[in-house]
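Residue numbers (our numbering): 908 to 1019. By construction, the Cβ of each residue, glycine as well, lies at the ideal position given by its N, Cα and C atoms. In this text the structure is predicted, and so the values were computed from the model without any measurement.
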């Protein structure tokens, strides 16, 4: 149920807004929470995930896995942990895509 009259409930309009966001807004949306020791080190709770950050999956089927993140897909709003693969019915394997709310940065790659 829609409560805010300024927000459209049209699927077409919401997809357009989602996929035409500027990179400055997209960077904020792709921010990931830090582990507690990194929060105290950098004095910040969230930073955008980068290519070689080590992330821990905190929700879902792969909960608890600590892996290095591969390049993020900003256009699709996904962070892909590098070594996690999903096996389909046949013999094909696919990358596991994790939204930023499902991962936490354990070791950061030189965020200055």
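Just the C-alpha distance for residue 991 and residue 928, rounded to the nearest angstrom, thanks. In the chain shown, counting from the first residue as 1, residue 991 sits at position 84. In the chain shown, counting from the first residue as 1, residue 928 sits at position 21. Between the alpha carbons of residue 991 and residue 928 lies a distance of about 28 Å.
Assuming residue 1012 contacts residue 916 (C-beta within less than 8 Å), just tell me the rounded distance between them. Taking the first residue of the chain shown as 1, we reach residue 1012 at position 105. Taking the first residue of the chain shown as 1, we reach residue 916 at position 9. Their Cβ separation, rounded to whole angstroms, is 34 Å, which puts residue 1012 and residue 916 out of contact at 8 Å.
Express the C-alpha separation of residue 937 and residue 955 in angstroms, rounding to a whole number. Counting from one through the chain shown, the residue named residue 955 turns up at place 48. Counting from one through the chain shown, the residue named residue 937 turns up at place 30. Rounded to whole angstroms, residue 955 and residue 937 show a C-alpha spacing of 6 Å.
Quick check on the DSSP output: the beta strand (DSSP E) that includes residue 948 runs from which residue to which? Locating residue 948 in the chain shown gives position 41, counting from the first residue. It is not in any beta strand (DSSP E) - residue 948 instead sits in the alpha helix (DSSP H) that spans 943–949.
Among the candidates 958, 998 and 908, whose CA atom is the shortest distance from the CA of residue 1014? To locate residue 1014, count along the chain shown from 1; it is residue 107. Cα-wise, what sits closest to residue 1014 is 958.
Residue closest to residue 1016, alpha-carbon to alpha-carbon, out of 968, 933, 976 and 1004: Here residue 1016 is taken as the residue at index 109 of the chain shown, counted from 1. For residue 1016, the nearest C-alpha among the options comes from 976.
For residue 930, which three-state DSSP category applies? Taking the first residue of the chain shown as 1, we reach residue 930 at position 23. Helix, per DSSP.
Please report how far the alpha carbon of residue 967 lies from the alpha carbon of residue 931, in whole angstroms. Taking the first residue of the chain shown as position 1, residue 967 is located at position 60. Taking the first residue of the chain shown as position 1, residue 931 is located at position 24. For residue 967 and residue 931, the distance between alpha carbons rounds to 28 Å.
Less than 8 Å between the C-beta atoms of residue 965 and residue 939, yes or no? In the chain shown, the residue the question calls residue 965 occupies position 58. In the chain shown, the residue the question calls residue 939 occupies position 32. The Cβ atoms of residue 965 and residue 939 lie no closer than 8 Å to each other.
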